[in-house]
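See below for the structure under consideration.
Chains as they are written, first to last, in this note's numbering: chain A, 10 to 299; chain B, 235 to 510.
See the structure below:
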């Protein structure tokens with residue numbers, strides 16, 4: 010009796026959360042699917058008509074789509090590479106006996122807590138400005154011509170800003186994982202005469218395989234939809250050079266008011282994200298059983 | 235010999251760690267310094283690092299010219315409100331899944347996680363249109379609602395992993411002693427769950443405070459939180475570096491402090507318990 014009551018209670022407690030998330034997932038998604046089959050422009054209300062898959066054909070064959078897909082891949086790939094490749098040595102360093110480690114760790118994770126609009130604008134102006142920015146001044150100290158970041162290398166500039174924001178995340182997770190590594194194992198390896206390098210390659214690195222995977226998957230999910238950093242720095246330009254898929258869809262929806270095409274694009278973004286999510290959910294699910 | 239090597243190692247790793255830590259932190263420090271300069275000094279080449287005329291006038295100007303406090307209040311209401319509502323919905327759900335798991339609990343958890351994977355831009359159009367027709371654009375309540383839903387999966391997950399760690403024997407002992415579910419909840423579970431609740435709340439506040447997709451797209455002026463407010467400095471006419479820096483420093487200071495307190499929970503929350 011009591012258990013049945015408990016079960017009923019448990020179900021009742023769970024229902025609001027499940028119901029809300031279900032609505033949150035299904036209603037907008039269903040509407041997106043519906044809109045994606047319509048010719049629907051906010052500039053021309055009342056002219057909605059069913060066009061089948063025309064929006065998808067238009068979105069996928071638009072040269073802007075290929076350009077932004079490429080930008081998205083370059084952005085995600087570069088940020089992943091930078092944060093993981095810099096995060097591993099940084100985490101290793103913070104795993105050493107360091108005097109004042111707490112303060113150093115605070116400094117390292119700080120960028121993660123800075124809101125995207127702030128970090129993007131501070132980098133764009135105070136650091137990367139071609140005349141008055143700090144980088145320009147440093148370049149001139151060495152007799153180099155300052156880089157006009159947002160004209161000559163806009164995508165690289167965005168990549169650097171986003172990497173700065175995500176490096177703390179990668180470092181912190183890898184550091185947490187390293188600290189859970191059994192010290193005795195490392196000591197035993199050292200006693201057996203293993204060098205620091207081989208201890209790292211044969212003991213630390215295999216231990217890091219899973220956290221690295223988790224970092225890559227979680228970062229990918231967030232990086233696929235980088236938006237604010239582009240919105241406040243380049244507005245997707247010059248031309249299409251910093252337009253990623255998220256920004257392309259945004260501009261189709263809220264600048265060109267083309268609801269149909271933007272919805273088709275939104276579904277393409279959902280499909281891409283789902284491919285990544287599939288792997289992440291499997292890894293997390295496996296962890297749940299352990 | 236061995237001690238020498240160790241001391242050397244400490245010195246080298248300390249210098250290295252401080253150097254790179256400082257390098258990573260530098261943009262923030264540079265921004266804070268710029269916020270105390272005059273506009274002219276903020277632009278000056280060569281830049282002055284410490285020996286400039288320190289002034290707090292930018293902070294006063296930011297408030298006078300753009301009603302900073304309104305946007306700060308919006309941020310507090312939106313981040314705080316969405317966090318509280320998310321907790322109210324998530325606590326019963328996580329409690330139920332942690333203490334009365336069924337065969338489907340794992341599937342439900344993973345399904346909740348998968349809703350977080352949906353890119354917001356995929357549903358931007360319908361949400362924007364729904365908000366438009368209900369008059370929710372540029373409203374605090376609209377933003378509270380969407381941020382609450384967006385973060386709900388993370389909140390449930392974090393609470394679930396914390397609740398899981400509460401030893402079940404204690405609950406059973408309480409039940410044996412004849413405690414009802416209500417009493418069990420108040421006297422046994424709550425005290426043990428408070429640390430987990432606090433860190434979940436902290437992480438969610440940080441995420442909501444910094445959220446910059448929905449806030450940028452769904453708010454313009456009246457309900458604009460600090461993310462949107464700072465974005466308004468991106469227009470060429472708003473290029474006042476010292477004022478931008480002052481506004482930014484104010485916007486990130488509270489969350490930086492909160493964030494520093496919640497480093498450990500951050501890892502756990504953002505990896506859905508996959509890394510502890």
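Where is the CB? At the ideal position from N, CA and C, for every residue including glycine.
Problem set entry | Beta-carbon proximity list for residue 308 of chain B, same chain, < 7 Å, skipping 5 on both sides | Here the question's residue 308 of chain B lines up with position 74 in the second chain. Excluding positions up to five away in sequence, the list reads 374, 457, 458, 459.
Exercise. Would you say the region 243–250 of chain A touches the region 158–174 of chain A, given that touching needs at least three Cβ pairs under 8 Å?
Worked result: The answer is yes - the region 158–174 of chain A touches the region 243–250 of chain A, with three or more Cβ pairs under 8 Å.
Exercise. According to a CB-to-CB cut-off of less than 7 Å, which residues of the region 74–96 of chain A neighbour chain B?
Worked result: Within the region 74–96 of chain A, no residue has a Cβ that lies closer than 7 Å to any Cβ of chain B.
For this session: Count the other CB atoms, across all protein chains shown, that sit within 10 Å of the CB of residue 28 of chain A; report buried if there are 16 or more and exposed otherwise.
Result: By one-based count along the first chain, residue 28 of chain A stands at place 19. Exposed: under 16 other Cβ atoms inside 10 Å.
Exercise. If contact means a Cβ-Cβ distance below 8 Å, which residues of the region 450–473 of chain B contact chain A?
Worked result: 450, 451, 460, 461, 462, 464, 465, 467, 468, 473
Exercise. Are the C-beta atoms of residue 254 of chain B and some chain A residue less than 8 Å apart?
Worked result: As a first step, residue 254 of chain B is located in the second chain; it is residue number 20 there, counting from the start. So, interface residue.
Exercise. Which of helix, strand or coil does DSSP assign to residue 151 of chain A?
Worked result: Numbered from 1 along the first chain, position 142 holds the residue referred to as residue 151 of chain A. Residue state, collapsed to three classes: coil.
For this session: Can you check DSSP and say which residues form a bridge with residue 48 of chain A?
Result: Counting from 1 along the first chain, the entry for residue 48 of chain A is found at position 39. Its beta-bridge partners are A:58.
Problem set entry | Residues that residue 267 of chain A bridges to, as DSSP identifies them | Position 258 of the first chain, counting from 1, holds the residue named residue 267 of chain A. Note: residue 267 of chain A sits in a beta bridge opposite A:50.
Exercise. Nearest to residue 187 of chain A by alpha carbon, out of A:31, A:290, A:90, A:97?
Worked result: Start at 1 with the first residue of the first chain, and residue 187 of chain A comes out as number 178. Nearest option by C-alpha distance: A:97.
Exercise. Are the C-beta atoms of residue 182 of chain A and some chain B residue less than 8 Å apart?
Worked result: For this step, residue 182 of chain A is matched to residue 173 along the first chain. Yes, its Cβ sits closer than 8 Å to a Cβ of chain B.
Problem set entry | residue 243 of chain B: contacting residues in chain A (beta-carbon distance under 8 Å) | Taking the second chain and counting its residues from 1, the one referred to as residue 243 of chain B is at position 9. Within chain A, the residues near residue 243 of chain B are 105, 106.
Problem set entry | Where the region 14–41 of chain A meets chain B: residues whose CB sits under 7 Å from a CB there | 15, 16, 18, 19, 22, 23, 25, 26, 27, 29, 30, 33, 34, 37, 38, 40, 41
Exercise. For a contact meaning CB atoms closer than 8 Å, what does residue 362 of chain B contact in chain A?
Worked result: Here residue 362 of chain B refers to the residue found at position 128 when the second chain is read from its first residue. In chain order: 262, 263.
For this session: Quick one: list the residues of chain B neighbouring residue 175 of chain A, beta-carbon separation under 7 Å, in chain order.
Result: The sequence position of residue 175 of chain A within the first chain is 166, counting from 1. Ordered by position in chain B, no residue passes the 7 Å Cβ test against residue 175 of chain A, which lies about 11 Å from the chain.
Exercise. Can you name the residues of chain A whose CB is closer than 8 Å to the CB of residue 280 of chain B?
Worked result: As a working note, residue 280 of chain B is residue 46 in the second chain. Near residue 280 of chain B (Cβ distances below 8 Å), the residues of chain A are 146.
For this session: Closer than 6 Å by C-beta to residue 48 of chain A: which residues in its own chain qualify, once you throw out the five before and the five after it? Chain order, please.
Result: Residue mapping note: residue 48 of chain A aligns to position 39 of the first chain, counting from 1. For residue 48 of chain A, where only same-chain residues beyond five positions count, the Cβ hits under 6 Å are 58, 60, 269.
Problem set entry | chain B contact residues for residue 116 of chain A, given Cβ-Cβ distances below 8 Å | On the first chain, residue 116 of chain A is found 107 positions in, with the first residue counted as 1. The contacting residues are 255, 256, 258, 259.
Exercise. Is the number of C-beta pairs between the region 253–265 of chain A and the region 354–368 of chain B that are closer than 8 Å three or more?
Worked result: yes
Exercise. Given residue 41 of chain A, which residues of its chain have a CB within under 7 Å of its CB, disregarding the five upstream and five downstream residues?
Worked result: Here residue 41 of chain A refers to the residue found at position 32 of the first chain. Counting only Cβ-Cβ distances below 7 Å, and skipping sequence neighbours, we find 272, 275, 276.
For this session: Can you grab the Cα-Cα spacing for the pair residue 348 of chain B / residue 391 of chain B, in whole Å?
Result: Here residue 348 of chain B corresponds to residue number 114 of the second chain, with the count starting at 1. Here residue 391 of chain B corresponds to residue number 157 of the second chain, with the count starting at 1. Answer to the nearest angstrom: the Cα atoms are 12 Å apart.
For this session: Pick helix, strand or coil for residue 195 of chain A, following the three-state DSSP scheme.
Result: The residue labelled residue 195 of chain A in the question sits at position 186 within the first chain. Reduced to three states, the DSSP call for residue 195 of chain A is helix.
Exercise. Which of the residues in the region 394–424 of chain B, read from start to end, lie with their CB under 9 Å from any CB of chain A?
Worked result: 409, 415
Problem set entry | Identity of the residue in B:432, B:433, B:405, B:254 nearest residue 420 of chain B by Cα | The count along the second chain starts at 1 and reaches residue 420 of chain B at position 186. That would be B:405, whose Cα lies nearest to the Cα of residue 420 of chain B.
Exercise. Using a C-beta to C-beta distance shorter than 8 Å, which residues of chain A count as neighbours of residue 575 of chain B?
Worked result: Only positions 235 to 510 of chain B appear in this structure, which leaves residue 575 of chain B out of reach.
Exercise. Does any residue of chain A bring its CB to less than 8 Å from the CB of residue 438 of chain B?
Worked result: Here residue 438 of chain B refers to the residue found at position 204 of the second chain. So, not an interface residue.
For this session: Taking C-beta pairs closer than 7 Å, name the residues in chain A that residue 334 of chain B reaches, listed in chain order.
Result: Numbered from 1 along the second chain, position 100 holds the residue referred to as residue 334 of chain B. Neighbours of residue 334 of chain B on chain A, chain order: 15, 16, 19.
For this session: Please confirm if residue 125 of chain A has its CB atom under 8 Å from at least one CB of chain B.
Result: Taking the first residue of the first chain as 1, we reach residue 125 of chain A at position 116. At least one chain B Cβ lies under 8 Å of residue 125 of chain A.
Exercise. So which residues of chain A does residue 444 of chain B contact, with C-beta pairs closer than 8 Å?
Worked result: Residue mapping note: residue 444 of chain B aligns to position 210 of the second chain, counting from 1. The answer, in chain order, is 122, 123, 124, 125.
Problem set entry | Sufficient close CB pairs (3 or more, under 8 Å) joining the region 436–453 of chain B to the region 256–264 of chain B | no
Exercise. How far does the alpha helix (DSSP H) with residue 256 of chain A in it reach, from first residue to last?
Worked result: Taking the first chain and counting its residues from 1, the one referred to as residue 256 of chain A is at position 247. Taken as a continuous stretch (DSSP letters only), the alpha helix (DSSP H) holding residue 256 of chain A covers 254–259.
Problem set entry | Sufficient close CB pairs (3 or more, under 8 Å) joining the region 264–280 of chain B to the region 482–492 of chain B | yes
Problem set entry | Same chain only: Cβ atoms within 7 Å of residue 241 of chain A, ignoring 5 sequence neighbours per side | The sequence position of residue 241 of chain A within the first chain is 232, counting from 1. Taken in chain order, the residues that qualify are 126, 129, 130.
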